[in-house]
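In terms of the numbering used here, the sequence shown opens at residue 3 and continues consecutively. For each residue, glycine too, the CB sits at the ideal point set by N, CA and C.
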Amino acid sequence: MKKEVPGIPDQDFGSRLSIYERAIRNFRDQLKLSGAATQCWSEQELSLRHVPCFINGRMAQGGFPIACENDCYSLVAELLGQYASSQTVGILDINHSIPKDLQRASKTTRSIEYGRDVSLWQRFH
């Protein structure tokens with residue numbers, strides 16, 4: 003994967019993404035699925051030390067959409083859009099409406115993971 007995407011920071015990270023992609027492909031093939039929904043944030047970053055957006059995009063490009071945050075409604079919409087247009091479809095939640103009390107709390111509490119502040123990522127992903 004490092005050869006295909008030179009921006010991947012190191013071989014270990016590329017290896018984790020490759021393993022995730024192989025697992026998704028195996029899951030898809032064994033269960034004969036048309037799409038999937040996964041729990042991305044923060045489960046995959048904390049457990050697997052990656053966010054799956056890149057692999058999810060690669061899978062969608064190949065006709066297998068993966069919706070984030072177990073959002074099955076988005077998965078159905080992606081599949082309908084794909085079937086209707088024969089195009090790759092992706093639905094992204096760029097709004098992430100956050101309640102005001104949580105916004106206030108996040109200004110005083112920092113989320114530090116793997117030596118970096120991820121609070122901004124959590125707020126605007």
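Could you give the first and the last residue of the continuous alpha helix (DSSP H) run that contains residue i?
i	result
Gly16	Gln13 to Leu33
Ile57	Cys55 to Gln63
Cys74	Cys74 to Ser87
Gln46	Glu45 to Leu50
What do you get for residue i, buried or exposed, if any count of 16 or more other CB atoms within 10 angstroms of its CB means buried?
i	result
Pro8	exposed
Ser36	exposed
Ala62	buried
Leu77	buried
Leu33	exposed
Pro67	buried
Leu48	exposed
Gln89	exposed
Gln13	exposed
Ala86	exposed
Ala69	buried
Gln41	exposed
Measuring CA to CA, which of the options is closest to residue i?
i	options	result
Leu81	Val53, Gly92 and Glu23	Gly92
Phe15	Gly64, Pro54 and Cys42	Pro54
Cys74	Leu94, Gln89, Gly64 and Gln32	Leu94
Gly59	Lys5, Gln13 and Tyr22	Tyr22
Ser17	Ser44, His52 and Gln41	His52
Ser44	Lys5, Asn72 and Gly83	Asn72
Gly64	Arg27, Gln46 and Ala39	Arg27
Going by the DSSP bridge assignment, what does residue i pair with across the sheet?
i	result
Ile68	Ala38
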